[in-house]
Each structure stands twice: as C-alpha cells, then as structure tokens.
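See structure below.
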Amino acid sequence: MQVLPKGVRHIPSCLDSEAQEALVEDIRNVVQAAPLYVPTMPRSGKPMSVRMTNCGALGWVTDKERGYRYQPTHPLTGKPWPPIPRRLLDLWNTVSGYPHPPEACLVNFYSHDAKMGLHQDRDEQEFSAPVVSVSLGDACLFRVGGTNRADRTLSLELKSGDVVVLGGERRLAFHGVDRIYPATSALLKNGGRINLTLRRVTKP
Ligand code: SIN
Ligand code: FE2
Numbered sequence: 126m127q128v129l130p131k132g133v134r135h136i137p138s139c140l141d142s143e144a145q146e147a148l149v150e151d152i153r154n155v156v157q158a159a160p161l162y163v164p165t166m167p168r169s170g171k172p173m174s175v176r177m178t179n180c181g182a183l184g185w186v187t188d189k190e191r192g193y194r195y196q197p198t199h200p201l202t203g204k205p206w207p208p209i210p211r212r213l214l215d216l217w218n219t220v221s222g223y224p225h226p227p228e229a230c231l232v233n234f235y236s237h238d239a240k241m242g243l244h245q246d247r248d249e250q251e252f253s254a255p256v257v258s259v260s261l262g263d264a265c266l267f268r269v270g271g272t273n274r275a276d277r278t279l280s281l282e283l284k285s286g287d288v289v290v291l292g293g294e295r296r297l298a299f300h301g302v303d304r305i306y307p308a309t310s311a312l313l314k315n316g317g318r319i320n321l322t323l324r325r326v327t328k329p
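What follows is the structure, given as structure tokens:
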C-alpha cells in the first residue's frame, strides 16, 4: 500500500454498488436539466477533452473569453443549475469535516480517451473546506502532487465508488487524470467515467 501525503484521503469503495447506481440516476436527472457541454480553455479557446455540467447554487465554468469562474447559470441554457442531490450532501457531511454545505458540484464526463491536465482547484474563496471527489464508472489513473507544479507527484487508480478528499495542506495540491481504463466498470451502459467534485465556494 502506498502512503498518501497528509491532507489527501482516498476512500476506496466508499459507495457500494447500490449507492453508485442511485447516484448515476441522480446525475442523469441533473444532465437532463443541465446538459453536458464542451468547456474551452481561457485565452486559447482550446476545447477540453471532458464534457462538463454542474449542480448546486454555483457551477464552475470556463471559456475562451472569460476564463475560469463560478456562475449561477448554465452557459448554454442560461438556466440556474439544478440542486445538488441529497445523496451527495449526505456524503459531504460524512467525509468533509466542514460545517457548511457545498455550493457547487462539478460533473465531469470522461470518454475512454479523455484526460485532465495537472491543475489546482483555486477559483473558490473558501480554502478551509476540502474538495470531495467521487468516481463512477470506468477506473482512471489519478495523479496528485504538492502545491507547486514541479513537486513530486504520485499516481493512484480510482475505481467506481471511490472517494478522494483533498483538504488541509493538500487543499491546493496539483492533481489531474492521466488516463481512463476503458471497460473496467459496468456501471455506465455506454462506458466512460463520471467524476463529481463537491466544493464550498464562498466564505460562510
Ligand atoms: C477535477 O479535478 O476536476 C477532476 C478530477 C477527477 O476527475 O478525478
Ligand atoms: Fe480539480
């Protein structure tokens, strides 16, 4: 077993298969109200390989013109994001150790060839709350480092039902997804991976 740096918690099989299936159903409803779209990078306008949407009072978005930010509405429909499903609020209460609810849940969908470059989650105002991440569907190779891009990183496989908490001194740790392992889960009918990240955005 590899030892994770302080502030990074990996909870393998945090959600059993029943909870995973129920959560996929919740996310299907979210996506119906707030369709997945292709986000683009600030300045370059380069499309990301994941598709995204959000639930919660605020959603994390990015585009060429206005860059990374939180906003209360979907960039294409202009409608408010749907609420964060109860099940995810319960999970936050169980694992976050933070006394206020999350305000944003970013939904990332990875097809078999999608990945996410090393980055920090730092568009929030409140860094005393952790980021809580849930993996559903195909497994992935997740990488996490320190608070400087050049810090040594370590890689771990995240499977369906796993939860990762980035908090404390690793709240601003660089992290990313190097690859998806196709056909490693039967949870999603058409394969791929869903990642949900719960964040507190504003200071209470
Ligand atoms: C993210 O950093 O937004 C996603 C991480 C993941 O997909 O596990
Ligand atoms: Fe992130």
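In short: position in the sequence shown from 1, add 125, done, that's our numbering.
Where a beta carbon is used, it is the ideal one built from N, C-alpha and C, also for glycine.
Residues near residue i in its chain [Cβ-Cβ closer than 8 Å; skip 5 each side]
{"i": "G132", "result": "L291, G292, G293, E294, R295, R296, A298"}
{"i": "D188", "result": "P164, T165, P167, G170, P200"}
{"i": "G192", "result": "P167, R168"}
Under the three-state DSSP convention, the category residue i falls into
{"i": "A308", "result": "coil"}
{"i": "G303", "result": "In the sequence on display, residue 303 carries Asp and not Gly. Strand, per DSSP."}
{"i": "E190", "result": "coil"}
{"i": "G293", "result": "helix"}
{"i": "L216", "result": "helix"}
{"i": "E282", "result": "strand"}
{"i": "Q250", "result": "coil"}
{"i": "I152", "result": "helix"}
{"i": "A275", "result": "coil"}
{"i": "S142", "result": "helix"}
{"i": "A264", "result": "strand"}
{"i": "Q196", "result": "strand"}
{"i": "A229", "result": "strand"}
Near the ligand SIN: residue i beta-carbon under 7 Å from a heavy atom
{"i": "S260", "result": "yes"}
{"i": "H300", "result": "yes"}
{"i": "L266", "result": "no"}
{"i": "M173", "result": "no"}
Same chain only: Cβ atoms within 6 Å of residue i, ignoring 5 sequence neighbours per side
{"i": "A254", "result": "Y223, R325"}
{"i": "Q245", "result": "L297, F299"}
{"i": "L313", "result": "G262"}
{"i": "Y162", "result": "L201"}
Within 8 Å, strictly: CB atoms of residue i and residue j
{"i": "R277", "j": "L243", "result": "no"}
{"i": "G286", "j": "D151", "result": "no"}
{"i": "T322", "j": "V220", "result": "no"}
{"i": "A308", "j": "K284", "result": "no"}
{"i": "L261", "j": "I305", "result": "no"}
{"i": "T178", "j": "V149", "result": "no"}
{"i": "L214", "j": "P226", "result": "yes"}
{"i": "A229", "j": "G271", "result": "no"}
Cβ-heavy atom distance, residue i to the ligand FE2, below 7 Å
{"i": "H135", "result": "no"}
{"i": "D246", "result": "yes"}
{"i": "T198", "result": "no"}
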